[in-house]
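Data first, discussion second: the structure below is written as structure tokens.
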Amino acid sequence: MNDAQNTVETAAAGRAPLPFVQRTPLIAGNWKMNLDHLQAIALVQKLSWSLKDARHDYTDVEVAVFPPFTDLRSVQTLLTADKLPIVLGAQDLSPEAAGAFTGDISAAMLAKLGVQYALVGHSERRQGHAEGDELVGAKAAAAHGAGIVPMICVGETAADLEEHGPAAIPLAQMLAAVAQLPEGAEFVVAYEPVWAIGSGQAASAEQAEAVAASLREALRDVVGDDRAAATRILYGGSVSSQNIAGFMSQPNVDGALVGGASLKSDEFSRIIQFRKHVTGA
Ligand code: PGA
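In numbering that gives the first Met the number 0, the protein residues as written are 0 to 280.
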């Protein structure tokens with residue numbers, strides 16, 4: 000166990016347990032830069048048929064998809080026309096409200112399309128677009144301001160893991176973003192170790208649980224026990240139908256942010272139906 004984790008767990012030891020809150024599991028598909036709008040419609044249609052066949056109860060396990068911007072309107076139209084309770088998310092947004100920001104998309108534009116979640120701080124944006132904690136927090140605040148729930152993505156690289164252990168970097172990233180949200184704001188945290196994303200090497204369920212527990216414990220100090228107990232913390236990084244049950248059996252893991260495996264309707268549908276899996280990871 001590393002120092003950061005140790006500190007958090009030691010601090011937790013003398014504290015009262017959190018109030019019990021039933022958190023609805025959330026399985027979210029991050030499509031990244033894949034699928035044009037026609038392919039997007041086809042995927043959502045197939046997914047909905049598969050879930051219908053399985054008699055999926057969307058109130059039992061919430062399902063969200065995060066298509067590229069160019070697909071949002073098409074997917075929204077399908078969801079509305081077919082009355083599908085799949086929730087729409089965006090992969091990014093501008094921290095600005097409107098104006099001379101070529102290429103950017105505002106929170107208000109997304110809200111108008113029925114978008115209910117927005118990823119902020121995905122590691123591919125932190126790394127590929129040099130997004131720092133300040134900007135990620137500003138994006139989270141912009142989303143909240145438009146009625147969109149920010150999904151704050153946090154995670155350590157392999158080098159961070161070596162140097163700081165698993166929890167320190169995710170904790171710092173989460174706290175920096177939450178600090179920019181007004182009191183009482185709803186948010187979701189997605190813990191995604193960078194070394195696990197797209198690598199086929201998922202964290203173990205126990206590793207994910209240890210960091211998720213540390214994140215939740217740290218939330219108590221900044222948002223209070225009730226919000227900390229109600230906040231959903233997802234795991235992401237090479238999630239598949241083979242390992243989802245293991246993650247979902249952990250007390251502090253409330254869902255998954257799924258990349259590659261969300262592009263195949265059958266596989267994503269199996270992940271959503273994790274309750275039916277007999278064995279875990
Ligand atoms: P992956 O991606 O499931 O393909 O590892 C997860 C993510 O980046 O959100």
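Beta carbons: idealized from backbone N, C-alpha and C, even for Gly.
Asked: Beta-carbon spacing of C152, G197 below 9 Å; Found: no
Asked: contact_flag[the segment 203-210, the segment 124-131] where n(CB pairs < 8 Å) is 3 or more; Found: no
Asked: Option nearest A167 by Cα separation, candidates D52, V187 and L214; Found: L214
Asked: Nearest neighbour of K82, chosen from R274, L118 and W48 [CA to CA]; Found: W48
Asked: Between the CA atoms of Y234 and F246 - distance to the nearest angstrom; Found: 8 Å
Asked: Buried or exposed by the 16-neighbour rule on C-beta atoms within 10 Å, applied to L118; Found: buried
Asked: E123 Cβ short of 8 Å to the ligand PGA heavy atom set; Found: yes
Asked: Which residues DSSP lists as bridging N29, in chain order; Found: F65
Asked: A89, DSSP secondary structure in three states; Found: strand
Asked: Which residues DSSP lists as bridging G235, in chain order; Found: L256
Asked: Inter-residue Cα distance where the pair is Q206 and L77; Found: 38 Å
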